[in-house]
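With the first letter of the sequence shown counted as 1, position 68 gets the number 56 in the numbering used here; the numbers rise by one all the way through.
Below: the structure, in structure tokens.
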Amino acid sequence: MADDQKIYRASTTAPVNIAVIKYWGKRDPTLNLPTNSSLSVTLSQADLRTHTTAACSASFPGPDSLVINGAPQDISGPRTQACLRLLREQRAALESSSSPAPLPSLSSFPLRIASVNNFPTAAGLASSAAGFAALVRAVADLYQLPASPAELSRIARQGSGSACRSLFGGYVAWERGGEGAAGGAEAGAGAGTGAGAEGAQARADDGSDSLATQVAPAGHWPDMRALILVVSADKKGVSSTAGMQATVATSELFATRAATLVPRRMAQMRAAILARDFDAFARLTMRDSNNFHATCLDTEPPIFYLNDVSRAAIRVVEDINKAVGRIVAAYTFDAGPNAVVYYLAENESLVAGTFKADMGSAAGWDTERGRAVQINGG
Ligand code: 2P0
-11 MADDQKIYRA STTAPVNIAV IKYWGKRDPT LNLPTNSSLS VTLSQADLRT
39 HTTAACSASF PGPDSLVING APQDISGPRT QACLRLLREQ RAALESSSSP
89 APLPSLSSFP LRIASVNNFP TAAGLASSAA GFAALVRAVA DLYQLPASPA
139 ELSRIARQGS GSACRSLFGG YVAWERGGEG AAGGAEAGAG AGTGAGAEGA
189 QARADDGSDS LATQVAPAGH WPDMRALILV VSADKKGVSS TAGMQATVAT
239 SELFATRAAT LVPRRMAQMR AAILARDFDA FARLTMRDSN NFHATCLDTE
289 PPIFYLNDVS RAAIRVVEDI NKAVGRIVAA YTFDAGPNAV VYYLAENESL
339 VAGTFKADMG SAAGWDTERG RAVQINGG
């Protein structure tokens, strides 16, 4: 086959992650730099993942295209364009340094990208994290980039912030970065509130150190489980991007959260995970979810992500923990009403069983709406 007809392909998958210390707020919307660090647990790919194939060829008519679950997407937005541009730049650098055995100039070929989720899109679960993580890794594989997962996370972050955490399995931190950079800390977050270490030349806050790293692999704490309770499959009323911008601009509670609470909780959460201390993990998870939603309520105008069923789920967790006399279940909610409940395998029948019994009718429990999932072993 002539080289200009050849089709190059690579496929990969990326899992969904659910934060236990929440990302909310951007200090730089263009580079998609967060106001505060965050930490998440990656869910099993058997349960929730995006599968993506990237292809390119000189024979493809342009422009680049992306299809998700069979539906063509508009990829002209700055987020997707930033990811594709950064990946192409890295490929072009490889090509220009590849003489005397030149690499094919894939960076100049149109891309065709197709993604499929193994969970119903209508399930109301955030798919942008797995989606951008899979897109970035598929194109990086297609281009045979020698980039580490951390380096790819820096690119995926620009597609969707939470996507950077889906490049890793297990327990994953996204460090805000920018400490000591000119203007980096003044947005109000981070332990390093002094902009620029004394005597040091202040660097630009360019996002080069805002990336994900693994705190511990899933095998470190293999008994961790997550129950996903889909309260509503509707698209959320206020998008994360718009919601967090409004919170940063108007909530006084948020400034304290970002500057003081999150840095402290990041350290405490790391310690809880490394010590496999479920009590500490669970308390921090619930408090951070509640604090995040409090800042949403403190936004002007207020943002309500939780609904009556969400609040009923909180009460079920409280009742389970009270009945047992210790904390065996922890709820968390993202920018929507759906609950994720973390627990240990030994409490599976108690936690999942109680939810099914107590919330079956309220949440319309079925296998689509309530499912127990493993933590990803990757
Ligand atoms: C999180 N969320 O840490 C938090 C908790 C929602 C609540 O990351 O604007 O879709 O694309 O960077 O990643 C949702 O925000 O936002 C999110 P963008 P993203 O998981």
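A virtual CB, placed ideally from N, CA and C, is assigned to each residue, including glycine.
Among the options, nearest to residue i - alpha-carbon criterion
i, options, result
"Ala260", "Ala230, Ser227 and His208", "His208"
"Met274", "Ala301, Pro251 and Ala234", "Ala301"
"Ser115", "Ala192, Ala255 and Asp35", "Asp35"
"Ala128", "Phe97, Gly168, Gln78 and Asn5", "Gln78"
"Ala204", "Arg258, Arg252, Ser239 and Asp197", "Arg258"
"Asn278", "Leu133, Ala268, Lys10 and Gly50", "Lys10"
"Asp322", "Ala7, Ile(-5), Asp(-9) and Asp62", "Ala7"
"Ser85", "Leu133, Arg142 and Lys(-6)", "Leu133"
"Gln202", "Gly13, Asp16 and Ser26", "Ser26"
"Ala234", "Pro289, Ala200, Ser220 and Glu167", "Pro289"
"Ala333", "Ser198, Ala59, Ile56 and Leu215", "Leu215"
"Asp(-8)", "Gly13, Leu94 and Leu19", "Leu94"
"Asn5", "Lys(-6), Leu31 and Ile(-5)", "Leu31"
"Thr342", "Met232, Asn309 and Thr320", "Asn309"
"Ala169", "Pro210, Thr38, Ala135 and Arg191", "Arg191"
"Pro3", "Ala345, Gly158, Lys344 and Met254", "Gly158"
"Asn57", "Phe48, Thr38, Leu75 and Phe266", "Thr38"
"Val305", "Val328, Gly324, Asp197 and Thr287", "Val328"
"Asn24", "Phe292, Val236, Ser337 and Ile(-5)", "Val236"
"Asp307", "Val339, Leu54, Asn295 and Asp276", "Val339"
"Lys(-6)", "Met254, Ile63, Ser28 and Cys44", "Cys44"
"Gly324", "Glu240, Met347, Arg314 and Arg299", "Arg299"
"Ser220", "Arg142, Asn295 and Val104", "Asn295"
"Glu167", "Pro251, Asp267 and Ala102", "Pro251"
"Lys14", "Gln146, Phe269, Arg264 and Asp211", "Gln146"
"Gln61", "Asp346, Ser228, Leu241 and Gly119", "Gly119"
"Ala206", "Gln33, Thr320 and Pro17", "Gln33"
"Met347", "Thr320, Val297, Ala270 and Tyr319", "Val297"
"Pro17", "Asp52, Phe48, Asp197 and Ser148", "Ser148"
"Glu336", "Asp267, Arg264 and Asp211", "Asp211"
"Ala59", "Ser28, Ala81, Asn105 and Arg125", "Asn105"
"Asp276", "Leu249, Asp265 and Leu262", "Leu249"
"Leu19", "Ala81, Asp193 and Ala89", "Asp193"
Residue i and residue j closer than 7 angstroms at C-beta
i, j, result
"Pro22", "Arg213", "no"
"Ala144", "Ala151", "yes"
"Tyr331", "Val312", "no"
"Phe107", "Pro137", "no"
"Leu130", "Ala46", "no"
"Val226", "Asn326", "no"
"Ala121", "Ser154", "yes"
"Leu91", "Glu83", "yes"
"Pro98", "Gly50", "yes"
"Ile291", "Gly231", "yes"
"Leu199", "Arg142", "yes"
"Thr40", "Leu140", "no"
"Thr238", "Thr287", "yes"
"Leu272", "Arg303", "no"
"Ala270", "Ala318", "yes"
Extent of the continuous beta strand (DSSP E) run through residue i
i, result
"Leu54", "Ser53 to Ile56"
"Pro49", "Element bounds for Pro49: n/a, residue is neither H nor E."
"Asp16", "Lys14 to Asp16"
"Asn105", "Leu99 to Asn105"
"Ala214", "Met212 to Leu217"
"Gln202", "Ala200 to Ala204"
"His39", "Arg37 to Cys44"
"Leu332", "Ala327 to Leu332"
Delimiting residues of the alpha helix (DSSP H) encompassing residue i
i, result
"Val160", "Unbroken run through Val160 is the beta strand (DSSP E), Tyr159 to Trp162; no alpha helix (DSSP H)."
"Ala260", "Val250 to Leu262"
"Thr1", "Looking at the DSSP string, Thr1 is not in any alpha helix (DSSP H); the run it does join, the beta strand (DSSP E), is Tyr(-4) to Pro3."
"Ala237", "Ser228 to Thr238"
"Ala318", "Per DSSP, Ala318 belongs to no alpha helix (DSSP H); it is in the beta strand (DSSP E), Ala317 to Phe321."
"Ala311", "Asp296 to Val312"
"Thr23", "Taken as a continuous stretch (DSSP letters only), Thr23 belongs to no alpha helix (DSSP H), as it is neither H nor E."
"Met130", "Looking at the sequence itself, residue 130 is Leu, so the reference to Met does not match. That run of the alpha helix (DSSP H) goes Ser116 to Leu130."
"Leu64", "The question names Leu, but residue 64 in the sequence shown is Ser. Looking at the DSSP string, Ser64 is not in any alpha helix (DSSP H), and its letter there is neither H nor E."
"Ala247", "Taken as a continuous stretch (DSSP letters only), Ala247 belongs to no alpha helix (DSSP H), as it is neither H nor E."
"Phe288", "First, the amino acid is wrong: residue 288 is Glu here, not Phe. Element bounds for Glu288: n/a, residue is neither H nor E."
Beta carbon proximity, residue i to chain D, threshold 7 angstroms
i, result
"Asn105", "Considering every chain present, this structure includes no chain D. It has just one protein chain."
Residue i: CB within 6 angstroms of a non-hydrogen atom of the ligand MG
i, result
"Asp322", "The ligand MG is not part of the structure shown, which contains the ligand 2P0 as its ligands."
**Request:** Would you check if there are 3 or more beta carbon pairs closer than 8 angstroms linking the stretch -6 to 5 to the stretch 63 to 79?
**Result:** no
**Prompt:** Does the stretch 280 to 287 touch the stretch 237 to 247, meaning 3 or more C-beta pairs lie closer than 8 angstroms?
**Reply:** They touch, by the three-pair rule.
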